[in-house]
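Everything below concerns the one structure shown next.
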Amino acid sequence: MAACRRGLSRALHSSPRPAWKRAQSEAGGRLKSEYDAVVIGAGHNGLVAAAYLQRLGVNTVVFERRHVIGGAAVTEEIIPGFKFSRASYLLSLLRPQIYTDLELKVSPIHVPSTHALLGKSANGRTLGAQLPQYYEVLTAPISKVLDHWFESEPLKATLATDAVIGAMTSPHTPGSGYVLLHHVMGSQEGTQGAWSYVQGGMGALSDAIASSATAHGASIFTEKTVAKVQVNSEGHVQGVILQDGQEVRSRVVLSCASPQRISQLDTQSPVTKINVAVDRLPNFRAAPNVPRGQPQPHHQCSIHLNCEDTLILHQAFEDAKSGLPSQRPMIELCIPSSLDPTLAPPGCHVVSLFTQYTPYTLAGGKTWDEQEKNIYADKVFDCIEAYAPGFKSSVLARDILTPPDLERVFGLPGGNIFHGAMSLDQLYFARPVPQHSGYRCPIQGLYLCG
1 MAACRRGLSR ALHSSPRPAW KRAQSEAGGR LKSEYDAVVI GAGHNGLVAA
51 AYLQRLGVNT VVFERRHVIG GAAVTEEIIP GFKFSRASYL LSLLRPQIYT
101 DLELKVSPIH VPSTHALLGK SANGRTLGAQ LPQYYEVLTA PISKVLDHWF
151 ESEPLKATLA TDAVIGAMTS PHTPGSGYVL LHHVMGSQEG TQGAWSYVQG
201 GMGALSDAIA SSATAHGASI FTEKTVAKVQ VNSEGHVQGV ILQDGQEVRS
251 RVVLSCASPQ RISQLDTQSP VTKINVAVDR LPNFRAAPNV PRGQPQPHHQ
301 CSIHLNCEDT LILHQAFEDA KSGLPSQRPM IELCIPSSLD PTLAPPGCHV
351 VSLFTQYTPY TLAGGKTWDE QEKNIYADKV FDCIEAYAPG FKSSVLARDI
401 LTPPDLERVF GLPGGNIFHG AMSLDQLYFA RPVPQHSGYR CPIQGLYLCG
């Protein structure tokens, strides 16, 4: 702990300016009155769209209401000396073609050896190749799918967490199998289904995309809120009006904001994200720490707690359906600083807790005030303490983001990490709604890019 305190005092310094800001400053960096394209929101999707447009010679500007770019893919030093991937925390689902096309300079960090964990079984690869062929995976409860393939209840429940993660569903909900399938669709450096951390946190990915855009002439402005999209008498976009009253003309507008005004869109979210600064690694009963406290293989993976049985997950879901935070919440615990020591002072670590189920609206007229948030976070910490005694005493500070917080800070409607439920009635040709699944909006020149 003393080493962590000393490291903390050394870590309190200003971070270097991102490359995209330097490039924009060197190019002049002034807001003009007219561009070819305006992108609303500097989330990673908006930044990717801007980078592609600018490479095609379309003069593009991006407006972001926050002080930082990236949307949910950000790195924030919300606790002095500790850098958190505050919302999104793992990388996999970004298309490999984007890395190539935009020449992204990103450093994924992988677990050194998968053999120490699940291994590289040929049977596992065969199963992965066959799963997408089964209609059942798309329509059945994930509990039914897993019962077909596995016998171990802890294994089935752990796999089921990836089917319900971010979704207000139970393992017994029909169609819950799709989200598990969705999570193995990604890849990292040619390895199908692989996930990784990003060196420097998820914000490093957003900075890399922004740098690709500004290097070719795109402009990005933070703390600029778009108040209105301007439309002419012929029903065609002609630009935007910022909250400060400034008008910016353009031929097209791309909105990275969620289409949350669509009344039939299901945006229920069970997620509360808790970011924690600790002065030592968690010491799990099932895998005790080594004497010198170096990270062990399990510290470098995602650790799933309260998932010994799918019935535990189902009961946690039932609590939330009644408007109550789960009495025994599902917890995915990650320690990115175990692989990337730049995220925390020496001897300290950052811990990411992805938890559910927490309803957006609490029963009994309660609201997610500081008291309710702390009651829930204490419950989560009590659960972790049962697996890793001493965890609570290691905590230096914490950042609690309930569904309303995720909506307010990151613009995620309802706090939903997918910007809308991943149910069959809201996927593919029906996302966000059947009439407008091709990203074009009824207004000419207005597109969705998030």
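If you count the sequence shown from 1, position 373 lands on 373 in UniProt numbering, and the numbers rise without skipping. Glycine is no exception: its CB is placed at the ideal position from the N, C-alpha and C atoms.
What would DSSP say about residue i, mapped onto helix, strand or coil?
i	result
residue 216	coil
residue 262	Because the pLDDT of residue 262 is 45, which lies under 50, any placement of that residue in the model is unreliable, and the number read from its coordinates should be weighed accordingly. Here residue 262 sits in coil by DSSP.
residue 108	strand
residue 455	This structure cannot settle anything about residue 455, because the visible part of the chain is limited to 1 through 450.
residue 137	helix
residue 118	With a pLDDT of only 45 at residue 118, under the threshold of 50, the placement of this residue in the model should not be trusted; the figure read from the coordinates follows. Here residue 118 sits in coil by DSSP.
residue 460	The structure shown does not extend to residue 460, since the chain is modelled only from 1 to 450, so the question has no answer here.
residue 449	coil
residue 67	coil
residue 392	helix
residue 397	strand
residue 90	coil
residue 60	strand
What are the start and end residues of the alpha helix (DSSP H) that includes residue i?
i	result
residue 387	370–387
residue 408	403–410
residue 451	Look at the range of the chain in this structure, 1 to 450, and you will see that residue 451 is not part of it.
residue 455	This structure cannot speak to residue 455, because the chain is shown only from 1 to 450.
residue 53	44–55
Return yes when the Cβ of residue j is within less than 9 Å of the Cβ of residue i, no when it is not.
i	j	result
residue 313	residue 137	no
residue 353	residue 332	yes
residue 68	residue 37	no
residue 356	residue 235	no
residue 273	residue 65	no
residue 342	residue 199	yes
residue 141	residue 176	yes
residue 412	residue 269	yes
residue 443	residue 229	yes
residue 465	residue 88	Given a span of 1 to 450 for the chain in the structure shown, any question on residue 465 remains unanswerable.
residue 171	residue 143	yes
residue 338	residue 90	no
residue 267	residue 70	no
residue 309	residue 157	yes
residue 340	residue 109	yes
residue 415	residue 271	yes
residue 384	residue 373	no
residue 449	residue 49	yes
residue 39	residue 248	no
residue 304	residue 284	no
residue 325	residue 359	yes
residue 453	residue 75	Because the chain is modelled from 1 through 450, residue 453 falls outside the range shown and cannot be assessed.
residue 250	residue 34	yes
residue 181	residue 159	no
residue 317	residue 422	no
residue 221	residue 53	no
Hey, could you find the ends of the beta strand (DSSP E) residue i is sitting in?
i	result
residue 77	75–79
residue 230	226–231
residue 239	237–242
residue 83	82–85
residue 252	252–255
residue 247	247–249
residue 38	37–40
key: Segments of 3+ residues assigned as beta strand (DSSP E) that fall wholly inside the stretch 141–214   = none
query = If we count Cβ pairs, one from each stretch, closer than 8 Å, do we get three or more for the stretch 239–257 versus the stretch 96–107?
reply = no
ask   = Fully enclosed by the stretch 261–339, which alpha helix (DSSP H) runs are 4 residues long or longer?
value = 310–321
ask   = Are the stretch 284–294 and the stretch 144–163 touching by the rule of at least three beta carbon pairs closer than 8 Å?
value = no
query = Does the stretch 74–82 come close enough to the stretch 384–400 that 3 or more CB-CB pairs lie under 8 Å?
reply = yes
ask   = When the Cβ atoms of the stretch 341–360 are set against those of the stretch 270–281, are three or more pairs found closer than 8 Å?
value = yes
ask   = Should the stretch 324–343 be regarded as contacting the stretch 372–383, the criterion being three or more beta carbon pairs within less than 8 Å?
value = yes
task = Please determine if the stretch 41–55 and the stretch 203–217 are in contact, where contact requires at least 3 C-beta pairs separated by less than 8 Å.
result = yes
task = Specify whether the stretch 213–220 and the stretch 406–415 touch according to this definition: at least 3 beta carbon pairs, one from each stretch, less than 8 Å apart.
result = no
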